[in-house]
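The next block holds one structure in the form of structure tokens; read it before the comments.
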Amino acid sequence: MRKSWILLVFCMLFLASKGQVPKYEVRAVWLTTLNGLDWPSVKANGPESIERQKAQLRTILDQLHQSNVNTILLQTRVRATTIYPSRYEPFDPCLTGKGGQHPGYDALQYAIDECHKRGMELHAWVVAIPVGKWNNIGCRQLRERSKSLVIKKGDEGFMNPENSQTADYIADICGEIVDNYDVDGIHLDYIRYPENWKYTVSRTKGREHITSIVRRIHQRIKAKKPWVKLSCSPIGKYSDLTRYSSKGWNAYDAVCQDAQGWLREGLMDQLYPMMYFRGDNFYPFAVDWAENTYGRTIVPGLAIWLLSRREGNDWPLTDITRELHVTRQLGMGHTYFRSRFFTDNVKGIYNYVQRYVDPYPSLTPPMTWQSDARPTPPQDMSMTNEGERLRLKWWGAKANNDSPELLYNVYTSRESPVDVNDVRNLIARRLSSTSLTFSKDDGAHYFAVTAIDRYGNESIALQSDIPHQPGIEWLQNDGRQLQMPQLDPTMSCEYISIKSMAGNVVTLRPYSQGPVSIRTLHDGVYTLNCVDKHKNSRRIGQFIIRR
Numbered sequence: 000m001r002k003s004w005i006l007l008v009f010c011m012l013f014l015a016s017k018g019q020v021p022k023y024e025v026r027a028v029w030l031t032t033l034n035g036l037d038w039p040s041v042k043a044n045g046p047e048s049i050e051r052q053k054a055q056l057r058t059i060l061d062q063l064h065q066s067n068v069n070t071i072l073l074q075t076r077v078r079a080t081t082i083y084p085s086r087y088e089p090f091d092p093c094l095t096g097k098g099g100q101h102p103g104y105d106a107l108q109y110a111i112d113e114c115h116k117r118g119m120e121l122h123a124w125v126v127a128i129p130v131g132k133w134n135n136i137g138c139r140q141l142r143e144r145s146k147s148l149v150i151k152k153g154d155e156g157f158m159n160p161e162n163s164q165t166a167d168y169i170a171d172i173c174g175e176i177v178d179n180y181d182v183d184g185i186h187l188d189y190i191r192y193p194e195n196w197k198y199t200v201s202r203t204k205g206r207e208h209i210t211s212i213v214r215r216i217h218q219r220i221k222a223k224k225p226w227v228k229l230s231c232s233p234i235g236k237y238s239d240l241t242r243y244s245s246k247g248w249n250a251y252d253a254v255c256q257d258a259q260g261w262l263r264e265g266l267m268d269q270l271y272p273m274m275y276f277r278g279d280n281f282y283p284f285a286v287d288w289a290e291n292t293y294g295r296t297i298v299p300g301l302a303i304w305l306l307s308r309r310e311g312n313d314w315p316l317t318d319i320t321r322e323l324h325v326t327r328q329l330g331m332g333h334t335y336f337r338s339r340f341f342t343d344n345v346k347g348i349y350n351y352v353q354r355y356v357d358p359y360p361s362l363t364p365p366m367t368w369q370s371d372a373r374p375t376p377p378q379d380m381s382m383t384n385e386g387e388r389l390r391l392k393w394w395g396a397k398a399n400n401d402s403p404e405l406l407y408n409v410y411t412s413r414e415s416p417v418d419v420n421d422v423r424n425l426i427a428r429r430l431s432s433t434s435l436t437f438s439k440d441d442g443a444h445y446f447a448v449t450a451i452d453r454y455g456n457e458s459i460a461l462q463s464d465i466p467h468q469p470g471i472e473w474l475q476n477d478g479r480q481l482q483m484p485q486l487d488p489t490m491s492c493e494y495i496s497i498k499s500m501a502g503n504v505v506t507l508r509p510y511s512q513g514p515v516s517i518r519t520l521h522d523g524v525y526t527l528n529c530v531d532k533h534k535n536s537r538r539i540g541q542f543i544i545r546r
């Protein structure tokens, strides 16, 4: 039995070695606010500390964006407490250090704005059943207001899944978020029975109770905004398999969480199963999830925190990297728990993902089960000079469904027409504006723009045959070495720098006339610059790496 999943892993890794990166794939992180585990470590108690708290979030999102993460699961309802001004529950202490205290700004709105600026989705992570310590502010206020909704287990409070009012209450919380904020999804955590629950009903009846909560939430958010994705994070093993036991810990039997049934019924758009295992506790169950998607999206959660020696586990990096490659070949993407372990680059996980797993961006899969009508393409592309920058502009796209707005993706390539199915050509995603500016020193020959609706449906591309900066010399390279151009004898060149299309210096080295090594650079468009002894930079050519 063990040989079967070992063979699967080797086959998947062989396929992964071809280096194919899918255009559509969810790459997510859980960004935990409970006790400020991932964010914030700075408490907001005045204008200066508010700005430091915001700056910390921006830094985290920049790191995630640079690693091509496209989905942020932000803990929004923490323990019957929130990070936004709610009519139902008090502020969580993570923002100010004191429960119930307003932080002086709307943290959820700020996070949404910053994610959308970077072309990333934000899903509001709602912890459903646990409501925290019995005497903490969230649990205390909830039981004072609705005593029958809360049951005590040890020193913790839990919403009673067998009380019909629980479904309405959690649905109201989710509805409040969807009504007031432009979130891309509602992500339910702990939508299940507590593990120490003493059942007085059958497991079948228990599953009906949990499913009724999910169904009520689904009805509430889809009636208002059908493009908002509903997801949850079930236990990582759905149930026992024919040849592999879940060893007593699974979603379906242990905690009455019929996650695959929710996909089958159309109640969930995505699942993020918490697959915090390895070996035969991981791979057979990953295949089971992949074989039971019912046309929806499943994104396994990977236990990168177990890489940390401080957490007392010390997994080798290869345990996670194998899982990354196998889940990709199974068509399921990946989610990291938690964000800080990823951005802290524990055992090199961040660097590995940037270089070998996600070197290029991706789009989240379209919700074709909700709507498959493609927008009309943009019209009338133009390029204009604006001082030291160029502006690409387009007009005329129109949604063919109830999507409230259109977003835009921009692709570029040296060849025309631009291949919009090649993610190496994708340079900007989910733009809310109808223009894009970039330095005159950057750019490639041709551009293509597509419209994308809130369901993720993408239009046919508007193609341009207008080259960027005609007459610029395209330098020759074989993907390993770049041939240096012949420089003007009057040019004083102490160093050469290579800039990415985003304008970032990726290489700086002393000038020599011989070939320049570019082995460590990803495929893409770059400019080569001469830097004199006064640190003045002058472009001397452009090149494209396409291996």
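Its first residue numbered 0, the sequence shown is counted upward by one per residue in numbering that gives the first Met the number 0.
Yeah, the Cβ is synthetic: ideal placement off N, Cα and C, and Gly gets one too.
Where CYS173 is concerned, the enclosing alpha helix (DSSP H) starts and stops at 163-179. Under the DSSP definition of a beta bridge, THR296 partners with GLN269. The Cβ neighbour count for VAL28, taken over all protein chains shown within 10 Å, is at least 16; the residue is labelled buried. Under the DSSP assignment, GLY156 falls in the beta strand (DSSP E) whose first and last residues are 155-158. Look at PRO509 here: in three-state DSSP terms it is strand.
Shown here, LYS146 sits in a helix according to DSSP, grouped into three states.
The C-beta separation of MET382 from TRP393 comes to about 10 Å, leaving the pair out of contact by the 8 Å criterion. Within the same chain, Cβ atoms closer than 6 Å to the Cβ of HIS217 are found at LEU229, LEU266, the five residues on either side in sequence being excluded. The straight-line gap separating the alpha-carbon atoms of TYR351 and THR203 is approximately 44 Å.
In the DSSP assignment, LYS498 falls outside any alpha helix (DSSP H) and within the unbroken beta strand (DSSP E) covering 494-498. The stretch 56-63 makes no contact with the stretch 77-97; the number of CB pairs closer than 8 Å stays below 3. Considering only LEU36, GLU50, GLU113, the residue with the shortest C-alpha distance to ASN69 is GLU113. Using a Cβ distance threshold of 8 Å, GLN74 and LEU121 do not count as a contacting pair. The three-state reading of DSSP puts GLU50 in helix, counting H, G and I together. Between the stretch 528-539 and the stretch 488-501 there are three or more C-beta pairs closer than 8 Å, enough to call the two in contact. HIS444 is classed as buried because its beta carbon has at least 16 other beta carbons within 10 Å across all chains shown. Sequence-distant Cβ neighbours of ASN476 in its own chain, meaning closer than 7 Å and more than five residues away, are GLN482, ILE517, PHE542, ILE544. In the three-state reduction of the DSSP assignment, SER361 falls in the coil class.
DSSP places GLN218 in the uninterrupted alpha helix (DSSP H) bounded by 202-223. For the pair ILE234 and ARG76, the CB atoms are not nearer than the 8 Å cut-off.
DSSP lists ALA27, GLU120 as the bridge partner or partners of THR70.
Between the alpha carbons of PHE281 and LEU329 lies a gap of roughly 13 Å. Residue environment for VAL504: exposed (fewer than 16 other C-beta atoms within 10 angstroms of its C-beta). For CYS529, the pairing in a beta bridge is given by DSSP as ILE495, ARG537.
Per DSSP, the unbroken alpha helix (DSSP H) holding ASN350 starts and ends at 348-351. Straight-line spacing of the CA atoms in ILE82 and SER434 works out to 33 Å. Looking at TYR275, ARG219, LEU461, ILE220, the one whose alpha-carbon comes closest to that of SER245 is TYR275. The residues GLY478, ASP522, in chain order, have a CB closer than 7 Å to that of ARG546 in the same chain once the five nearest residues on each side in sequence are set aside. VAL286 is the residue among LEU36, VAL286, THR342, ILE169 whose C-alpha sits nearest the C-alpha of TYR243. When secondary structure is reduced to three states using DSSP, GLU457 falls in the strand class. Closest in alpha carbon position to ILE185, among TYR335, PHE284, ILE71, LEU262, is ILE71.
Within the same chain, and ignoring the five residues on either side of SER370 in sequence, the residues whose Cβ sits closer than 6 Å to its Cβ are ASN400, TYR454. Counting C-beta pairs with one atom in each stretch, the stretch 126-133 and the stretch 98-111 have fewer than three that are closer than 8 Å, which means they do not touch.
In this model, PRO39 and ARG339 are separated by some 11 Å (Cα to Cα).
Residue range 388-394 is occupied by the beta strand (DSSP E) that includes TRP393, with no alpha helix (DSSP H) assigned at that position.
The stretch 357-369 makes no contact with the stretch 303-320: fewer than 3 CB pairs, one atom from each, lie closer than 8 Å.
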